[in-house]
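Just below is one structure, and these are the notes that go with it.
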Amino acid sequence: MFEKLFMLVKDNAGRAVLNNPIIAEKYRDAVMIEASSSIIDGLKKQMETGKLNDVVQFFKHSGQYSAALITNIANRFADKLNDFYGVTPEEARDVSNMLIPEVMNNILARSKNVQDTDFAPGYMLSSINGNDVSPLVNRMMVA
115 MFEKLFMLVK DNAGRAVLNN PIIAEKYRDA VMIEASSSII DGLKKQMETG KLNDVVQFFK
175 HSGQYSAALI TNIANRFADK LNDFYGVTPE EARDVSNMLI PEVMNNILAR SKNVQDTDFA
235 PGYMLSSING NDVSPLVNRM MVA
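Written as structure tokens, this is what we have:
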């Protein structure tokens, strides 16, 4: 699942990372890994703080649930860009806002495709959490 997420980030990183002179060429792969890690960390933190329902709502609906989650992940990624890759805070926010919402929307779209099990909510969240939360997530998705 983690490799698939990295590939999804890479597929969406053209303008934000790969073709962006703000991101030094030597850091581009690392920046894409940071984006993937920020997504994983953001989802994991939500689950660890008892907000599994909010994560499930992201997969069920868009709007307020996705906006808050995506903003949280984008801010986390922007902080990493600023702290570790010499990108100014403003540039980091711009890069993050170009990449993270696009990737999250792709995750959401792929999660709705029953043929694409890599991004099925239960499987994805179980992979991130380390425990099998599929039965719980699947029940929450139906409720």
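For the sequence shown, our numbering gives the first residue as 115, with consecutive numbering after it. Heads up, the beta-carbon is just placed ideally off N, CA and C, and yes, glycines get one too. Note that the structure is a prediction, hence the values are computed from the model and not measured.
>> Quick check on DSSP: helix, strand or coil for T185?
In response: Per DSSP, reduced to three states, the secondary structure at T185 is helical.
> Between which two residues does the alpha helix (DSSP H) harbouring E148 extend?
Replying inline: Unbroken alpha helix (DSSP H) run through E148: R142 to E162.
>> Once the 5 residues before and after M254 are set aside, which same chain residues still bring their CB inside 6 angstroms of it?
In response: Cβ within range, chain order: V170.
>> According to DSSP, simplified to helix, strand and coil, what is G236?
In response: Residue state, collapsed to three classes: helix.
> Just checking my contact of F173 with L222 at CB under 8 angstroms: how many whole Å lie between their CB atoms?
Replying inline: About 7 angstroms separates the two Cβ atoms, so the contact holds.
>> Classify Q160: buried if its beta carbon has 16 or more other beta carbons within 10 angstroms, exposed otherwise.
In response: Q160 comes out buried.
> Can you tell me where the alpha helix (DSSP H) with Q229 in it begins and where it stops?
Replying inline: No residue range can be given for Q229, since it is assigned to no alpha helix (DSSP H) and is classified by DSSP as neither H nor E.
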